[in-house]
Amino acid sequence: MNLPKRTPSRFSSGRTRFASSSALASTALLAIAAVPAAAQTAADEDEDPAVQTTETIERSSDEIIVTGSRVARLGFDSPTPLTVISTEQIQAESPTNNLFDLVSQLPSVAGSAQLSNSRLNISSGLSGINTINLRNLGLERTLVLLDGRRTVPSTVQGFVDVNTFPQQLVSRVEVVTGGASAAYGSDAVAGVVNFVLDKRYEGLKLSGNAGITDKGDGFTYQVNAATGVPFADGRGHLLLSGQVSHQDGIFKVDRDWNFGVPNIIPNPDYTASNGLPQFIVRGPGNRNNAAPGGIINASSGGVANRLRGLYFGPGGQVLRYDYGQFPTVAQSSGITIGGSYQVDDSNSRIGLSPEEDRRNAFGRLSFDITPWATAFIEASYNWQETFFNAGPQFSTGRVLRGDNAFLIRTLGAQAAGINTVTVGTTQSDLPFRALNNQRDVQRYLGGVEGEFEIAGKAAIWDAYVQYGETNSHEQLRDIIINANYNNAIDAVFAPAGNAIGVPAGTIVCRSTLTDPTNGCVPLNILGTGVTNPAAIDYVLGDPYRDQKLKQTVVGANLSFTPFALWAGDVSLAVGAEYRKEEVSGFVPTDFQTGFQVGNYLPTFGEYDVKEAYLETVVPLGFGLIFNGAVRATDYSTSGYVTTYKLGATWQPIDDIMLRGTYSRDIRAPNLNELFQAGTSRTNTLTNAFVNPATTITFRETTTGNLDLEPEKADTYSAGVVLTPRFVPGLSASVDYFNITVEGAIGQYFAQDIFNRCNEGITRFCAAYGPDPDGVRELFFRASPFNFAEVRNEGIDFDVSYRLGLDDVFGMMNSSLVLRAVATHYLESVVDDGITEPISPLGTLSGSGPPDWLYRGSIALQTPDFGLTAVGRGVGSGRYSATRFECSTACPPSTSLARTTDDNSIDGVFYVDLNATAKIAEAMGADAEVFMHITNLFDADPIILPETGLAANSTYSDLLGRTFRFGVRLEF
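FYI, in mature numbering (1 follows the signal peptide of the UniProt record, and there is no 0) the residues of the sequence shown are -33 to -1, 1 to 938.
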């Protein structure tokens, strides 16, 4: 396979793009710094900086906008639960001074995609994004908005990267936990997260911060600037912001918690009738079927497997592997307990955190063209590059023939009579597989908004056109080219008189003897420090795909009060929107097939949607207010659908408000689910239908499905908000939620397809067979379809208390704020309609939500300094939803309930400390220094009984104790 040479530097292909984006961001920062200092609006010193259970936002002197509703109305609280995070809290409590990192700590948002877990998707293009997953229903079922409007996604799956927003100008983040499709459209199944800009900001603010872990790695820095300048006697307003940030990658796991962890192995004493568990958890353990310099897992010729357990060290040194406490089980399961478990070092050769660079620039210009109309334009540009270690070149099934030159040279007489050996290796001589993604996101918005009167009542309106574009260059680095690799390891001694004219006994590729110009370079995989660099260049490549996403939106909205009833004004909001989503791609022909992972095909497709909505708020008297909404939607791909919401609040007295909603919501299939041309991966699966269980290698291809229909969801919520007058400063809420998604779009992948077929569900058997390319043992085909019902049920708790310290300790303009939020999941079920429904609730291996997620904080705020302590955690749970824990008298073990002596996983609790202090004014600026210590006590992550990265990266802190210091200036 003749391919272009590997790119020598991971950044070389991005230098031009980096230069242009860096120049743009630098220009924005210089422009901001050049703006004269202007007067700024100071926040009320008595304002509570804590997150509020519900909050209303002033739009004008008369009207109030509440996220979760399109209606603008004074004194209206949406029946859908709403959490508001202020700028003050972001600055005081965010571990990285970043919007997303604080939002993702909310229990209702835990499970979101962030740098620590999005990096794991080697072929998906998700690496490096921060996006939100409400209710653990999936990233695709949360709608993320900027100023109440959609924004162009950063990935073909439709995910919006929060880091593309102008973070310095965000005044608050509003999290709506409940179905909101009737108000905002598709994807708002779990809720809406709206990032609201401070469009009237005046002044100049600069900030910079840097951080590092207590291990001395993971260095980061961030520089921000923003300005707001009024002109033309206040009729016009200009906003500019810019950001430059960098994060060092951590490409090796040297944390103690990742070494010698227990592992799950088959129980050697188990029989189907003796009541013992089929699996046991023992440690210290590790994988035994691969080694840095290779290990022989099987051999043929002479006595079967007589070479099994020989592994190769520095320079090809031959060593004998000790299979430890359970040698028979170890050789069949691939896991050793004790013995030589430390030979495989791949758990330390997995990346912990990606390297990332970002450059962001944003501008907004508005002008009051009439007393009732303001024209505005916005533009933003965001550039990002991510580089990450996706793990070693792992393989358990490389077959060498008995005449292999490296085998004979390394084993000597021991190789006599051998026909084949099967080698497992992590190939430490080869560079790790890497992701090197570049992405730029552009957004342009223009429109008109304003207020006028209808029948003496204020009406708020807007109309806009928006265009967004994402260009991504998704490059995989150092990926095995299957044909070249197979040729390279099939090395032999050249016979006399060979066609290529080399001396007899020279080690050459077998294929070169019959094809002298094929360029093959022999590769030795038996030992460390033995590999020819030319062979590495021959067997590895850097496949990539370029992808362009385009989003066009035209919309208009009107909120007004058409008439009044006996109990008060009836409010109405109406609007319409047209949206078009497009994807196009390019992949060089040589990169479309033949690689161990990747094998991208270019994706092309588009769809459009037309929508119109109506929402009303009707007071019914006695503190009862009705809220209803309906939306008509027409998709070019899947047709017409209607969504609606019915809700009410009842406040019989000032101290108590009851609220409840029912909504029908939808999620339409995204571009990837509809049009994906195909990607491939290779891996191994477990065949648990034999005893002891074995592993099987496979290759899998995923494609889109044009016959998909929108998911439909029914959401019920009911809650109470308490603000007792006899305890000033206390606010509490309890909300129950129940979400059922029907026709959920999902996919079966290799392991599940294999399991279902072997359980007798024959239609799954057609989805796989022997690998026609011979790369792996089996080949699987996977496509999404509407097959599942997803149910999610739980309770949210929120309590806050603010104590003014003026009268208590004589601390003027000071307060103490205590807050606790928690989510308790009662049910989480995926029902595919085929097998018994499985609840992943409490499964901490990553497949489901924990039973409990919680976060508490105590904040002392004074005019001169602030101190905040945060405690956050995850309740204990289980490892797998398909394992049944027992030690004796165990029931029969099945594929959906594998009996195991320990299926429990400990939870985790972290403490963060944040401090701010105002310093003397300098050059007319208010100056503040701040410090954040994340994971103060260096608590370990959630540990899993697995090889590789033995931790839950979704709900855990992988880096350990981290320090961050910074300064803020505001003129």
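Note that CB positions come from ideal geometry on N, CA and C, so glycine has one too.
- request: Would you check whether the ligand SAM has a heavy atom nearer than 7 Å to the C-beta of residue 420?
  value: Ligands are entirely absent from the displayed structure, and the ligand SAM is therefore not among its contents.
So residue 784 and residue 821 are in contact, right, with Cβ under 8 Å, and what is the actual spacing, rounded? About 17 Å separates the two Cβ atoms, so there is no contact after all.
State buried or exposed for residue 567, treating a residue as buried only when at least 16 other CB atoms are found within 10 Å of its CB.
buried
task: Ignoring anything shorter than 3 residues or poking outside the stretch 857 to 896, list the beta strand (DSSP E) runs there in chain order.
output: 865 to 867, 875 to 889
Can you tell which of 241, 537, 264, 559 has its C-alpha closest to the C-alpha of residue 570? 559
(Q) I need the straight-line Cα distance from residue 866 to residue 661, nearest angstrom please. (A) 17 Å
Worksheet entry | Integer-rounded CB distance, given that residue 320 should sit under 8 Å from residue 92 | Contact flag wrong, Cβ pair sits at about 19 Å.
What's the C-alpha gap between residue 915 and residue 798? 30 Å
Going by alpha carbons, who is nearest to residue 943 out of 923, 96, 912?
Residue 943 lies beyond the range of the chain shown here (-33 to 938); nothing can be said about it.
Margin query: Which residue wins for smallest C-alpha separation from residue 267, given the options 388, 449, 286, 222?
Written below: 388
_Measuring only the C-alpha atoms, how far is residue 410 from residue 550?_
16 Å
Margin query: Taking its Cβ as the centre, do 16 or more other Cβ atoms sit within 10 Å of residue 673, making it buried, or is it exposed?
Written below: exposed
Quick one: grab the DSSP three-state call for residue 508. strand
Beta-carbon separation (whole angstroms), residue 259 vs residue 473, contact threshold 8 Å:
No, residue 259 and residue 473 are not in contact; Cβ-Cβ is about 27 Å, not under 8 Å.
Residues bridged to residue 550 (per DSSP):
516, 572
Residue 210 versus 130, 198, 747, residue with shortest Cα-Cα distance
130
Practice problem: Decide if residue 665 is buried, meaning its Cβ has at least 16 other Cβ atoms within 10 Å, or exposed. | Solution: buried
request  = Could you please give the first and the last residue of the uninterrupted alpha helix (DSSP H) stretch that includes residue 57?
outcome  = 54 to 60
- Task: Could you check the C-alpha separation between residue 870 and residue 354 for me, to the nearest Å?
- Result: 35 Å
For the beta strand (DSSP E) that residue 619 lies in, which residues bound it at each end?
606 to 620
| Best match in 480, 369, 492, 335 for proximity to residue 418 [C-alpha to C-alpha] | 335
Next on the checklist: Quick check on this structure: which residue in 763, 677, 824 has the alpha carbon closest to the alpha carbon of residue 1021?
Outcome noted: Nothing in the structure corresponds to residue 1021, since the chain is present only between -33 and 938.
- Task: Check residue 108 in the structure and name its three-state DSSP category.
- Result: helix
Q: Give the DSSP-derived three-state secondary structure of residue 103 in the structure shown.
A: helix
Legend entry - Distance, residue 158 Cα to residue 759 Cα: 13 Å
Sequence-distant residues of the same chain with beta carbon closer than 7 Å to residue 738, five excluded per side: 666, 744, 745, 746
*Rounded C-alpha distance that separates residue 96 from residue 118*: 15 Å
task = Assuming residue 734 contacts residue 720 (C-beta within less than 8 Å), just tell me the rounded distance between them.
result = 5 Å
- Message: To the nearest angstrom, how far is the alpha carbon of residue 945 from that of residue 740?
- Response: The question about residue 945 has no answer, for the chain in this structure spans -33 to 938.
Going by DSSP in three states, residue 427 sits in which element: helix, strand or coil? strand
Open item on the list: If you reduce the DSSP assignment to three classes, tell me which class residue 313 lands in.
Closed with: helix
Looking at the unbroken alpha helix (DSSP H) that takes in residue 719, where does it start and where does it end?
-> 717 to 725
What did DSSP end up calling residue 819 once you bin it into helix, strand or coil? strand
Unbroken stretches of the beta strand (DSSP E), 3 residues or longer, contained in the stretch 209 to 243 = 230 to 233
Mark residue 919 as exposed unless 16 or more other C-beta atoms lie within 10 angstroms of its C-beta, in which case mark it buried. buried
- Can you tell me where the beta strand (DSSP E) with residue 788 in it begins and where it stops? 782 to 798
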